[in-house]
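If you're matching positions, the sequence shown starts at 485 in the numbering used here and goes up one per residue. Ideal Cβ placement from N, Cα and C applies to all residues, glycine included. Just so you know, these numbers come straight off a predicted model, no measurement behind them. Okay, structure first, notes after.
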Amino acid sequence: MSKEKHVWDLEGLFRSEKELKSFCQELMMHAQEFEDTYKNKLAKTKKIYDVIKEYEEILEGIGRVMTYAFLCFASDTKKSAFYAEYEMLANEIQAHILFFEIEFCALDEKNQKKLLKDSKNYHYFLQKLLDNKAYQLSLEEEKVLLQVAPVGVDAFARLFDEFFSTLKVEYQGVNKSEEEILALLHHPDRKERKQAQKAFTLKLEESQMLLSYIFNMVRKGLHIQSKMRNYPNQETFRHLSNHITQKSVDSLIDTVNENMSLVQKYYHHKSKILGYKLKDYDRYAPIETKCKPIGYQEGLEMVLLCFKEFSKNFYQIAKKAVEEGWVDSHPREAKRGGAFSHGATPNAHPYVLLNFTGNYRDVFTIAHEFGHMVHQELSKKQGYLNMDTPLTTAETASVFAEMLLFDSIKSKLSKKELLGIYASKLEDIFSTMFRQVVMTNFERRIHQDDRELKAQDFNEIWFEENQKMFGKSLKLTKNYSLWWSYIPHFVHSPFYCYAYSYGQLLVLALFGLYKKKGREFIGIYEEFLSSGGSKSPKELIAMFGFDIEDPEFWKIGMLEVKKMLKEFEELL
């Protein structure tokens, strides 16, 4: 805990590459035996629970291999060949068990009902397969897609990661990483922010041909997939994986789009406080200009304290994480940028990647990823097939953890300091909720267009959609037009971004409920997190008495935003 930096200990997955290779050989044999035993015989099986249990065991083995390969690559993107080798091998193993889900969906209704009845805790998993049946291809077609995946869109996603992990931005005679240059947008000195924006824009501009090409390949890949699977639209696959309806997503996005004036109202206030017309590089300018840097240990202690104040379970999991090698904390050469928590497998534990640079934003990132980590650790008791939650409820835990930190901090500050913290939290909410919907609006537009888009096309669409959020409260410079091109979610997970907005509004509603009910809420919340993906989001959120299909539900969270903005105005 006293370490200044943390790095992962991956021995919980594999102690050596020799052990990894031996495990893969055994896993391949197991997958082949599974195929020989059950392929074309599911209709006759009398022990579907045992079959699914074995299927899950093989999938968990594949997950363990790919978690190790991915984490090695994320910590050092020069290991791309290593990652590619095991990605290909994992796909070969998975090809032997691919028949299971397709064969189950092809059974007659009578057999399906019987197997569903006997499946015990796998009932929801099998029901999800049936819900996606209409979009399934034949076994041979699915095998082909699986085999070519590493050289398709996945390859461009890897290229994107490798490019940004090695990117160096020249700033005042020093080469800085993406994380370090973006952190300067929070600098109290306006000249520093402006120079950082220009330096990063210049680097993006130099790379526009490459980045536009990657984005176009992602667009084409999604277009081909949607056409092959006969999805109603380009974003259908994401809603299916999130287990929510198009109606629910549209209702969320409409609610956020209708309330963009809240963002504009805030930035008009901020402009008056700072005494000048804001530009895009001023969005995160601290209102309190004498912000001292925050050390990593200090940030960790703040997060651990707020977890301890909320729940003993939260605190113990987080404390164990920092003591036992679950965290990789600081930027370094060839390390992937950004932050994430990887749930790994039930037999291991989550792994958190951070790139701590020493500001309040980074402390909230710790809380965010530790929220994911706690969720993943609690839900692993559901088993590999049921532990992963859809993005919508996955983001709930992370954003709720940020709210816990905010609530913990604000009670210990002076009025002047509190104003800065409120401003920072409102900006986080705008970033997590409104900006993510702007990103979804951007994605909807670029994916609706079948033609190859030029860099200028992306620039114009990005600028137009962001302008709707800020209105006249803030001037977007020409440089900002290029800032779509560094956002990884557009490449790795198209139509991911609305899940942040979904989680933010849900959390605001839940946090309001927590402040009313106190300890009574915590037990339900821990049960909610521990359920993982064993129930639908609609069922899970119904535990709190909310209905996500009701358009009025989203207004509950939006009222909390209005309330927080009003509290900020009262501090002024």
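Spatial neighbours of residue i within its chain, please: C-beta separation below 6 Å, excluding the five flanking residues on both sides.
| i | result |
| --- | --- |
| residue 957 | 748, 751 and 752 |
| residue 489 | 813 and 814 |
| residue 801 | 858 and 861 |
| residue 596 | none |
| residue 795 | 1006 |
| residue 644 | 698 and 975 |
| residue 1040 | 993 |
| residue 953 | 744, 747, 918 and 922 |
| residue 764 | 960, 961 and 964 |
Identify, in the order they occur along the chain, each residue of the same chain with its Cβ nearer than 7 Å to the Cβ of residue i, setting aside the five sequence neighbours on each side.
| i | result |
| --- | --- |
| residue 485 | Residue placement at residue 485 is flagged as unreliable, the pLDDT there being 47, under the threshold of 50; the coordinate-derived value follows with that caveat. Closer than 7 Å at the Cβ level, and outside the excluded window around residue 485, lie 806 and 807. |
| residue 850 | 783, 784, 787 and 838 |
| residue 761 | 755 and 959 |
| residue 723 | 729, 730 and 733 |
| residue 609 | 869 and 870 |
| residue 885 | 851, 852, 854 and 855 |
| residue 934 | 707 |
| residue 562 | 818 |
| residue 1028 | 994, 997 and 1008 |
| residue 667 | 841 and 843 |
With the cut-off set at 8 Å, would you say residue i and residue j are in Cβ contact?
| i | j | result |
| --- | --- | --- |
| residue 443 | residue 847 | Residue 443 lies beyond the stretch modelled for the chain, which goes from 485 to 1056, so this question has no answer here. |
| residue 819 | residue 506 | no |
| residue 579 | residue 631 | yes |
| residue 663 | residue 564 | no |
| residue 589 | residue 614 | yes |
| residue 523 | residue 583 | yes |
| residue 518 | residue 533 | no |
| residue 897 | residue 736 | no |
| residue 665 | residue 684 | yes |
| residue 1046 | residue 651 | no |
| residue 1012 | residue 997 | no |
| residue 496 | residue 823 | no |
| residue 670 | residue 845 | yes |
| residue 494 | residue 555 | yes |
| residue 880 | residue 740 | no |
| residue 591 | residue 527 | yes |
| residue 426 | residue 695 | Nothing can be reported for residue 426: it is not among the residues displayed for the chain, which extend from 485 to 1056. |
| residue 926 | residue 909 | no |
| residue 939 | residue 692 | yes |
| residue 653 | residue 687 | yes |
With DSSP collapsed to three states, give me the class of residue i.
| i | result |
| --- | --- |
| residue 837 | strand |
| residue 999 | helix |
| residue 1018 | coil |
| residue 854 | helix |
| residue 980 | coil |
| residue 485 | Residue placement at residue 485 cannot be trusted, given a pLDDT of 47 that sits under 50; the coordinates are not used to answer. |
| residue 655 | strand |
| residue 504 | helix |
| residue 825 | strand |
| residue 811 | strand |
| residue 563 | helix |
| residue 594 | helix |
| residue 530 | coil |
| residue 754 | helix |
| residue 956 | coil |
| residue 600 | helix |
| residue 498 | coil |
| residue 719 | coil |
| residue 727 | coil |
| residue 710 | helix |
| residue 971 | coil |
| residue 1048 | helix |
| residue 1056 | coil |
| residue 1039 | helix |
| residue 703 | helix |
| residue 961 | coil |
| residue 867 | coil |
| residue 1027 | coil |
| residue 1032 | coil |
Is the shortest distance between the beta-carbon of residue i and the beta-carbons of chain D less than 8 Å?
| i | result |
| --- | --- |
| residue 652 | The structure shown contains no chain D, having only a single protein chain. |
For residue i, which residues from the same chain have a beta carbon less than 8 Å from its beta carbon, with the 5 sequence-adjacent residues on both sides left out?
| i | result |
| --- | --- |
| residue 1014 | 862, 863, 865 and 866 |
Quiz item: Taking contact to mean at least 3 C-beta pairs separated by less than 8 Å, is the stretch 982-995 in contact with the stretch 907-925?
Solution: yes
Practice problem: Only counting runs of 4 or more residues, tell me where the alpha helix (DSSP H) segments fall wholly within the stretch 877-941, in order along the chain. | Solution: 899-913 and 919-932
Quiz item: Touch check for the stretch 703-719 and the stretch 1008-1028: three-plus C-beta pairs under 8 Å?
Solution: no
Quiz prompt | contact_flag[the stretch 901-921, the stretch 1034-1053] where n(CB pairs < 8 Å) is 3 or more | solution = yes
Quiz item: Which runs of the beta strand (DSSP E) spanning at least 3 residues fall entirely within the stretch 608-676, listed in chain order?
Solution: 653-655 and 658-660
Exercise. Return the chain-ordered ranges of every alpha helix (DSSP H) run that is complete within the stretch 741-803 and spans a minimum of 4 residues.
Key: 745-758 and 780-794
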